[in-house]
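Below is one structure, written out as structure tokens; comments come after it.
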Amino acid sequence: MKDNVKKLTYTGLLTGLAIMIPLYFGFLKVQAGPFTATIASHVPVFLSMFFGPAAAVAVGIGSTLGFLITTPLVVVARAFMHVFVGFTGAHLLKKGFSFRTVILITAPIHGILEAIAVIPFGFTVYKILVVVGVGTVLHHLVDGVISFILVKALSKTGNADFIIKTEN
1 MKDNVKKLTY TGLLTGLAIM IPLYFGFLKV QAGPFTATIA SHVPVFLSMF FGPAAAVAVG
61 IGSTLGFLIT TPLVVVARAF MHVFVGFTGA HLLKKGFSFR TVILITAPIH GILEAIAVIP
121 FGFTVYKILV VVGVGTVLHH LVDGVISFIL VKALSKTGNA DFIIKTEN
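Here is the structure:
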């Protein structure tokens, strides 16, 4: 029971953060055509993976809501892909993969999903594959580094939820 309350609390906090980042950290946004990258917007989703697939999905939905409030639908469609990336990453962590490996495995998945998400909006193949697909992978990796640093710091606090699935 205590663990469920703890997991729910962390999920709620990370969901709130996922909503707040697009609302209040727009100054961290980089834009190139259909591609936008709000630095650190993936961090709550990446951290939520440690609390399981349900937590990662909830935080991914929160991320989508945050972008729904602040951005055009093409960006919201891309943000919705955080649900699937978080779900996949959480399953990989559950199977014993290191956090670093999870970030590397989910990067191309993330890029492909976001590229697919923008197809209905009528962009060129170049913009879909290179600008959005490759841009998303690079953004994913930057946020992965930020998340990795946070997980390392949190694991030093003795919080068992983040204890070192970060190596390898």
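In full-length UniProt numbering, the protein residues as written are 1 to 168.
Built from N, CA and C at the ideal position, the CB exists for glycine as well.
Just so it is clear, the structure is predicted and the values come from calculations on it, not from any experiment.
Spatial neighbours of residue i within its chain, please: CB distance less than 8 Å, with the 5 preceding and 5 following residues excluded, ordered by chain position.
i           : result
residue 166 : Summary for residue 166: the model assigns pLDDT 46, below 50, so the residue's position carries little reliability; its value from the coordinates is reported in the next sentence. Correct list, in chain order: 98, 99, 100, 148, 151, 152 and 155.
What residues are listed by DSSP as bridge partners for residue i?
i          : result
residue 30 : 37
Note down, in chain order, each residue of its chain lying with its Cβ closer than 6 Å to the Cβ of residue i, except the 5 sequence neighbours on either side.
i           : result
residue 62  : 15, 18 and 19
residue 114 : 78, 81, 132 and 136
residue 110 : 85, 136 and 140
residue 87  : 53, 56 and 57
Looking at residue i: is its Cβ nearer than 9 Å to the Cβ of residue j?
i           : j           : result
residue 67  : residue 58  : no
residue 42  : residue 85  : yes
residue 70  : residue 28  : no
residue 144 : residue 112 : no
residue 26  : residue 9   : no
Just the C-alpha distance for residue i and residue j, rounded to the nearest angstrom, thanks.
i           : j           : result
residue 44  : residue 124 : 31 Å
residue 48  : residue 77  : 20 Å
residue 89  : residue 118 : 22 Å
residue 81  : residue 134 : 15 Å
residue 64  : residue 2   : 29 Å
residue 6   : residue 36  : 33 Å
residue 108 : residue 146 : 18 Å
residue 93  : residue 46  : 11 Å
residue 40  : residue 91  : 22 Å
residue 116 : residue 21  : 24 Å
residue 4   : residue 126 : 45 Å
residue 105 : residue 129 : 18 Å
residue 31  : residue 83  : 22 Å
residue 96  : residue 142 : 23 Å
residue 157 : residue 72  : 39 Å
Sorted by chain position, which residues of the same chain lie with C-beta nearer than 7 Å to residue i's C-beta, five sequence neighbours on each side aside?
i           : result
residue 11  : 48, 51, 55, 58 and 59
residue 13  : none
residue 168 : Low confidence applies here, because residue 168 scores a pLDDT of 44, under 50, leaving its location unreliable; read the following figure in that light. For residue 168, where only same-chain residues beyond five positions count, the Cβ hits under 7 Å are 98, 100 and 101.
Exercise. Whole alpha helix (DSSP H) runs in the region 67-155 with 4 or more residues, listed along the chain?
Worked result: 73-94, 99-118 and 135-155
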